[in-house]
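Protein chains in written order, with the working numbering: chain W, 11 to 121; chain B, 329 to 441. Here a beta-carbon is modelled for each residue, glycine too, at the ideal position from N, C-alpha and C. Nothing here was measured: the structure is a model prediction, and the numbers come from that model.
Shown next, in the form of structure tokens:
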């Protein structure tokens with residue numbers, strides 16, 4: 011069974027400081043990993059996916075299969091980055107795209 | 329392009345009652361999945377529907393059931409409500425061909441007393 015672990019419930023950083031939101035996963039196959047974000051009073055939305063290897067809003071995430079990690083990073087935090095971040099693992103099982111979410115990390119950027 | 333809409337936004341039920349939640353998927357999406365999000369937790373997959381059939385299910389009992397209609401809208405039904413069913417229920421639509429990219433509604437918050 012797959013599992014996603016986000017060890018930090020809350021991460022507080024000052025504006026301009028680097029951010030790293032941790033995510034570890036447990037899955038024996040080839041994972042597809044994602045970061046979802048929920049800003050205040052908005053719906054949950056996709057931030058980025060590992061296969062696209064792109065930077066969204068200055069965030070990047072690299073899949074490290076050796077450490078089974080998919081940490082989300084940004085070199086300089088902005089106040090508008092304050093939100094709830096969820097790491098997610100998608101597994102295709104006979105057509106069923108089961109997406110497993112972590113418990114989430116609340117990022118608080120202090121002005 | 330219309331996004332995912334859910335109704336009702338809030339509702340209160342008592343233990344043992346039944347509830348139906350509704351979801352309209354984003355245009356062009358043929359897959360709908362339902363998630364339960366308890367307080368302080370991430371969303372947990374209840375089940376997924378594709379072409380009006382349930383094609384996968386998370387660790388939820390049979391009293392959680394659903395339907396998908398020809399226009400890809402969907403319902404989640406929960407029978408014999410229990411106190412632990414109190415949660416935010418999220419509907420997400422996606423394209424069959426794009427794995428893991430989910431478009432969420434704003435959710436229906438269910439309180440069971």
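Whether residue i touches residue j by CB criterion (8 Å)
i, j, result
"residue 69/W", "residue 43/W", "no"
"residue 7/W", "residue 27/W", "Nothing about residue 7/W can be read from this structure; chain W reaches only from 11 to 121."
"residue 67/W", "residue 30/W", "no"
"residue 438/B", "residue 417/B", "yes"
"residue 419/B", "residue 433/B", "yes"
"residue 16/W", "residue 110/W", "no"
"residue 375/B", "residue 391/B", "no"
"residue 49/W", "residue 41/W", "no"
"residue 383/B", "residue 105/W", "yes"
"residue 9/W", "residue 369/B", "Since the first residue of chain W shown is 11 and the last is 121, residue 9/W is not available in this structure."
Buried/exposed call for residue i, threshold 16 Cβ in 10 Å
i, result
"residue 24/W", "exposed"
"residue 397/B", "exposed"
"residue 61/W", "exposed"
"residue 91/W", "buried"
"residue 378/B", "buried"
"residue 87/W", "buried"
"residue 424/B", "exposed"
"residue 340/B", "exposed"
"residue 59/W", "buried"
"residue 52/W", "exposed"
"residue 93/W", "buried"
"residue 101/W", "buried"
"residue 330/B", "exposed"
"residue 47/W", "buried"
"residue 14/W", "buried"
According to DSSP, residues forming a beta bridge with residue i
i, result
"residue 43/W", "99/W"
"residue 363/B", "373/B and 418/B"
"residue 23/W", "119/W"
"residue 396/B", "402/B"
"residue 351/B", "334/B and 402/B"
"residue 381/B", "378/B"
"residue 32/W", "Looking at the DSSP assignment, residue 32/W forms no beta bridge with any residue, so it has no partner."
Whole-angstrom C-beta distance between residue j and residue i, which should lie under 8 Å
i, j, result
"residue 342/B", "residue 441/B", "5 Å"
"residue 357/B", "residue 436/B", "Contact doesn't hold; Cβ gap of about 19 Å is too wide."
"residue 409/B", "residue 347/B", "6 Å"
"residue 108/W", "residue 373/B", "6 Å"
"residue 77/W", "residue 119/W", "Contact doesn't hold; Cβ gap of about 26 Å is too wide."
"residue 350/B", "residue 335/B", "5 Å"
Margin query: Give me the subset of the region 101-121 of chain W whose CB atoms are less than 8 Å from a CB atom of chain B, sorted by chain position.
Written below: 102, 103, 104, 105, 106, 107, 108, 109, 110, 111, 112, 113 and 114
Note to self: Can you pull out the residues from the region 345-373 of chain B whose beta carbon lies closer than 9 Å to at least one beta carbon of chain W?
What the structure shows: 359, 361, 363, 365, 368, 369, 370, 371, 372 and 373
Next item on the list: Taking only beta carbons into account, state which residues of the region 55-75 of chain W come closer than 8 Å to chain B, listed in chain order.
Entry: 55, 56 and 59
Notebook entry, point to check: In the region 427-439 of chain B, which residues sit with their C-beta less than 7 Å from some C-beta in chain W, listed in chain order?
Noted result: 427, 428, 429, 430, 432, 433 and 434
Note to self: Taking beta-carbon pairs under 9 Å, can you tell me which members of the region 77-100 of chain W lie near chain B?
What the structure shows: 96, 97, 98, 99 and 100
Margin query: Using a Cβ-Cβ cutoff of 9 Å, what residues of the region 394-406 of chain B are near chain W? List them in chain order.
Written below: none
Margin query: To be precise: take each residue of the region 30-54 of chain W, compare its Cβ to all Cβ atoms of chain B, and keep it if any distance is under 7 Å. Which residues remain?
Written below: 42, 44, 53 and 54
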